[in-house]
C-alpha cells in the first residue's frame, strides 16, 4: 500500500500489543516492519521485551512522520535488529544480545555460574551443572575443604602406611583421582545426557571409576599384603569419607555463593544487571545505554540529540513548546505496563492515575540511566517540598518526575523491563497520605508560614509481566475504527504439525510456528500442558503452574473470547528459544526473527485480503449489542423515577457537584437509558444475547483503568 494511502485511509491504521519474554523480543522487528507496509501504527503497547519492540515500532513510525525523504528508514533499521543481536561485537566472544546484559562486578561470577546452566535441558543435570560451576568460579571454599579433606584422609592413610609422607601422598592421590574422574566424566558426557536413565548410568560410571582409583591408591600407599576383606573395608571407608567431604565442600561453596549473591543483589537493587555501563563510552554497550541510542537512531535522530520522548510521539514531530494533542488525537500513542510491587498493583505508563506524583533520587537513577536521560528528567529542577524521612539522609535531593510528555520513552521501557533478579528494580518515592507523620506535616503547614517538607516513602517498580504480560485491555473501544493486533508467545505443542510453509524449508516458517484463527470456531478451546512429572520435579512443576496462574489469569481469560481470539496471533517457541535464553546462537535468533515475519504474513493475509477485518467488526458490533441488551434487560424501569428524584436532590450538592449544563445532560442521558431499556423489555420477545450471539459470552462492566 502506498504511503499516501496509509495517510488518507482511517482503516489503514492498526494497533499492536506485544507480549514480554526478555529475549523473545527478537521475534518482533520483522513482524513490525511487514505490518508497517500495510498499516500506520497508531497505538502501540507491550510489556518487558514487548515494551522494547513497542518503543522501537513507535520510534520507526515517528521516523515515517518526520523523514519525508526516506520514511521507511526506521522500519528498515528495525528489521535488521535480529541479525544485529545475533552478531558478535568486535573483541567479544558472545552474541550482542548476551553482551547487553552486563552484571555488576560483584555479581559477575554468580551471573556466569547461572548463565552456563541455561541450556541444560534436564533439571537434575542443571543442579549438578550449577554445583560444578560454583566450584569453578568460587574455588576458595573448595580449596579450604580440600585442605581439610587431605588432613582427614592423611590420618586414615597414616594408620595404614605408618609413614607421614606416604600417608600424605596417598591422601593426595585419592583426592586427585576423584577430581580427575569428575572432570573426565563431565567432559565425555557433556551434551549427551538427555534423560534420567542416561544420567544414572553416568553417575554410576563416575562412582565406579572413583572406587577403582581409591583401590589403586590403597594398594600403592597402604600395606603391601592386606587381606581381601581388609582391602574392601579400607576402600569403602576412604570412598565414603571422600564422598562425605565432597558433600561438605559443596555445602560450604553453596553457602558462600548464596550469601555473596544475596548481598550483591541487595546492593544492586535486587538485580544482576543495572542495565547501565560503568563507563558511558564502553563497548559493547549495556542494555539501557544501547536502547537510549537505538530509539533515537530508529526515529531518525542523532544519538547526541536529547532522547526521544512521549511528547515527540504524540505530536508526530519535535517541538516541545507546541500544544500536546488530546489522547484520541495523538499521532503515535505508546503505552507499556509496569508493576509497583511495593504497592502491589499494576501501572500503565504514561501514568493514568491523575494526582499520582512520583519523585526520584538522581544519585540512585544515575546507576540506572545514562546522563542524557537524567538531564531530560531533571528538567523541572529539584523539589524543595519533600524530604527523606530518614534523618541520617537529610542531604538527599529529590526531583519530581516531569509531565509525561517530557519522559524519554527509554524510561518507560526500562520500568517495564525490570525482570526480577536479572535486572535491577527501579526505586521511586511518593507521599503516603495514610501515614500519621504526613498528616502531621500537612496540619502544621496549614497554620504556619515556614513550611515543612513532606516525608517520602520508597516504591519499588519491577517487571510489567508480573501484572500483565500481554495487556490485551490496552486500546479497547466499543466499536473500533481499526484492528488491534496482539502477539502471544507460547511453547510448542507436542502434537504440532510438521512440515514447512516454504520450499525449500526456512527456519521460522515451520507449520507449527504460528497460529491465527481463520474461522469463528477456532481458538475457543485453549491447550494446556498436562502435568508430566512426579516427586520433587512434580512439586516444582505444580508450584510453577500456581505462579503462572497468579501472573497470567487476567490475560489468559481473554484469549478465547469473541473479539479477542480472532486478532491474537500465537507464535510458538522451543524450550531453548526466547525467554531467559540469553546465549541463543545466531541461527536460533534468525529463526525467531523469521517467525515474526511468518506471523505478519498471516495477519496481513487474514485482515487485509481475507475478510478478517469485516468479520472482526461484525463480531464487535454483534457483541456490543448483545451486551447492551443483556444489561438493559436487568435495568429496573420501575425504579427510574426514584433515580431521577435522587439525581434532582443531589446534583447541586458536594461531592461531584454538577453545573447546570451537566445536570441537563444527566437528565437527558438517564431518560434515554430508561426509554431504551423499556423499549427492549416491552417491545421485543427475542434477545440479542441468545444462542446466536458470539460465544463464550463476555460481561460488560466498569473496571479500573490500569
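Residue numbers (the working numbering): 1 to 706.
All C-beta atoms, glycine included, are put in the ideal place defined by N, C-alpha and C.
Just to confirm the assignment, what range does the beta strand (DSSP E) spanning residue i have?
| i | result |
| --- | --- |
| residue 92 | It is not in any beta strand (DSSP E) - residue 92 carries neither H nor E in the DSSP assignment. |
| residue 338 | 333-340 |
| residue 471 | That residue, residue 471, is in no beta strand (DSSP E); it is neither H nor E in DSSP. |
So for residue i, helix, strand or coil by DSSP?
| i | result |
| --- | --- |
| residue 711 | What is shown of the chain runs 1 to 706, which leaves residue 711 out entirely. |
| residue 41 | strand |
| residue 263 | helix |
| residue 316 | coil |
| residue 361 | coil |
| residue 372 | helix |
| residue 550 | helix |
| residue 211 | helix |
| residue 152 | helix |
| residue 422 | strand |
| residue 219 | helix |
| residue 225 | Residue placement at residue 225 cannot be trusted, given a pLDDT of 49 that sits under 50; what the coordinates show is reported in the next sentence. Reduced to three states, the DSSP call for residue 225 is coil. |
| residue 104 | coil |
| residue 528 | coil |
| residue 54 | helix |
| residue 235 | helix |
| residue 626 | helix |
| residue 694 | coil |
| residue 138 | coil |
| residue 555 | helix |
| residue 241 | helix |
| residue 248 | helix |
Residue i: which of the options sits nearest, CA to CA?
| i | options | result |
| --- | --- | --- |
| residue 208 | 689, 136, 235, 197 | 235 |
| residue 681 | 634, 64, 273, 77 | 634 |
| residue 164 | 221, 110, 182, 302 | 221 |
| residue 384 | 516, 395, 14 | 395 |
| residue 201 | 131, 147, 125, 168 | 125 |
| residue 133 | 152, 698, 186 | 186 |
| residue 531 | 567, 647, 521, 546 | 546 |
| residue 604 | 34, 520, 16 | 34 |
| residue 367 | 267, 52, 315, 551 | 267 |
| residue 468 | 528, 337, 572, 214 | 337 |
| residue 150 | 242, 343, 382, 583 | 242 |
| residue 143 | 167, 175, 587 | 175 |
| residue 306 | 127, 245, 407, 56 | 407 |
| residue 517 | 534, 479, 506, 571 | 571 |
| residue 431 | 360, 473, 472, 477 | 360 |
| residue 47 | 551, 256, 297, 631 | 551 |
| residue 549 | 563, 536, 528, 261 | 528 |
Across which residues does DSSP place residue i in a beta bridge pair?
| i | result |
| --- | --- |
| residue 386 | 454 |
| residue 460 | 427 |
| residue 15 | 484 |
| residue 489 | 571 |
| residue 510 | 500 |
| residue 348 | 337 |
| residue 515 | 570 |
| residue 46 | 18, 336 |
| residue 271 | 421 |
| residue 408 | 309 |
The alpha helix (DSSP H) that contains residue i, what's its start and end?
| i | result |
| --- | --- |
| residue 400 | Element bounds for residue 400: not the alpha helix (DSSP H) but the beta strand (DSSP E), 398-400. |
| residue 324 | No alpha helix (DSSP H) holds residue 324; DSSP gives it neither H nor E. |
| residue 437 | 436-447 |
| residue 583 | Unbroken run through residue 583: none, as it is neither H nor E. |
| residue 182 | 164-189 |
| residue 328 | Taken as a continuous stretch (DSSP letters only), residue 328 belongs to no alpha helix (DSSP H), as it is neither H nor E. |
| residue 32 | 28-36 |
| residue 109 | 108-115 |
| residue 611 | Looking at the DSSP string, residue 611 is not in any alpha helix (DSSP H), and its letter there is neither H nor E. |
| residue 122 | Residue 122 -> no alpha helix (DSSP H), and no H or E assigned at all. |
| residue 76 | 73-79 |
Secondary structure, alpha helix (DSSP H): runs of 4+ residues fully inside the stretch 274-312: 287-298
Runs of alpha helix (DSSP H) wholly within the stretch 634-683 (minimum 4 residues, chain order): 640-650, 660-683
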